[in-house]
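K.L.:
Numbering (the numbering used here), first residue to last: 59 to 435.
(1) Alpha carbon to alpha carbon, how far is residue 253 from residue 93? Give it in angstroms, no decimals.
(2) Rounded to whole angstroms, what's the CA-CA distance from residue 234 to residue 79? Just pull it up for me.
(3) Within its chain, find whatever has a CB closer than 7 Å to the CB of residue 272; leave out the 5 residues flanking it on each side and keep chain order.
(4) Can you check whether the CB of residue 229 is closer than 7 Å to the CB of residue 139?
(5) So which of 287, 360 and 217 has the shortest CA-CA distance to residue 170?
(6) When the Cα atoms are used, what is the spatial distance from residue 251 to residue 150?
(7) Go ahead and pull the three-state DSSP assignment for residue 263.
(8) So within the segment 98-178, which uninterrupted alpha helix (DSSP H) runs reach at least 4 residues, ignoring any that extend past its ends?
(9) Going by C-alpha distance, which of 97, 179 and 411 is nearest residue 127?
(10) Would you mind reading off the limits of the beta strand (DSSP E) that contains residue 195?
(11) Which class does residue 224 belong to by DSSP, given the choice of helix, strand or coil?
(12) On the three-pair Cβ rule with 8 Å, is the segment 341-355 touching the segment 110-128?
(13) In three-state terms, what does DSSP make of residue 208?
(14) In terms of residues, what are the limits of the alpha helix (DSSP H) holding residue 291?
(15) Give the DSSP bridge partners of residue 218, in chain order.
(16) Between which two residues does the alpha helix (DSSP H) holding residue 417 run?
(17) Quick one: using the 10 Å Cβ neighbour count with 16 as the cut-off for buried, is residue 210 buried or exposed?
(18) Use the C-beta contact count for residue 427: other C-beta atoms within 10 angstroms, 16 or more gives buried, fewer gives exposed.
Below, the structure is given as structure tokens:
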């Protein structure tokens with residue numbers, strides 16, 4: 059197994075026959091000591107083929123060794139690597155989004171001027187081009203030794219989110235397949251990609267892509283220590299809850315008869331997913347897909363609801379969910395696809411159980427006939 063050493067640069071995507079695709083990039087980050095997860099090609103959706111569907115802790119599901127990464131990417135070299143942020147990596151990401159005419163770079167500059175707190179120039183990556191040609195950004199900061207637990211905050215500033223504990227960000231050169239290309243403008247894969255930028259990147263139309271070595275990336279990150287004043291300001295926006303505190307608050311607000319299972323899911327008095335509760339409250343992003351599938355299973359299977367009802371109620375739930383990554387919003391088409399997939403699974407499961415039941419009955423009838431034949435003889 060080839061390991062990247064600190065003096066080697068991040069490899070680009072190589073789609074040539076026999077190329078490494080994104081496997082080389084994943085190995086680069088693992089060898090540089092970054093905890094990562096595998097995402098479906100072109101998506102910020104954790105690959106269930108690698109991580110399963112039963113996990114609820116980003117820190118426990120993260121791949122932390124080159125050996126783990128090599129095994130995962132051997133299944134599909136096109137998986138997009140994502141960095142698990144927060145205490146496990148000591149990384150906090152400032153996520154700037156240019157959607158809707160927002161100017162996150164100006165918001166950060168205005169905040170620094172107003173507070174007198176300078177945000178260090180650490181690693182920075184551009185995100186996929188927005189449809190008007192501008193680009194958002196990820197600014198990476200290093201959490202100090204005594205840093206409090208920083209939760210993810212949406213809308214810390216206009217167009218600026220904070221991504222930290224129990225979350226992930228896609229790493230260069232991953233790409234966003236939902237970002238539709240503008241062929242008239244001559245756009246290509248580079249306009250869908252995340253890519254590291256040289257110092258001086260000003261978040262506009264021009265980019266200065268580069269491929270850092272692991273040593274350069276590490277050094278740049280560890281020198282960009284998040285200022286105490288910045289962390290204090292983020293905490294004022296409600297980012298201080300730990301997972302334990304979140305679950306405690308969750309239990310306090312539950313209706314009579316409802317419970318929280320060991321995975322953090324809210325159940326009704328019968329031990330099934332509490333659809334009404336999730337329709338009102340949504341779910342954190344690490345639970346959103348799991349809750350959606352469980353809701354669809356209950357609605358279609360246990361309750362026998364029509365497809366249209368299941369889709370509508372699941373869509374109502376998804377609209378209540380917090381979107382911590384504006385570049386990957388849920389769509390109604392996503393929900394319809396998931397619900398129809400669950401329906402197909404339920405039908406297959408019922409057919410399998412019916413076949414097993416019929417086989418048991420046939421076996422019992424055959425055994426009875428053999429017994430009767432024995433008596434008659």
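The beta carbon of each residue, even a glycine, is placed where N, CA and C say it ideally should be.
Treat the numbers as computed from the prediction; the structure is a model and nothing was measured.
P.N.:
Based on what the coordinates show:
(1) 18 Å
(2) 15 Å
(3) 62, 64, 66, 86, 89 and 90
(4) yes
(5) 287
(6) 21 Å
(7) The predicted position of residue 263 is uncertain, since its pLDDT is 49 and thus under 50; a value taken from the coordinates is nonetheless stated next. It is coil, neither helix nor strand.
(8) 106-109, 116-119, 124-131 and 162-173
(9) 97
(10) 193-200
(11) coil
(12) yes
(13) coil
(14) 286-293
(15) 154 and 215
(16) 390-434
(17) buried
(18) exposed
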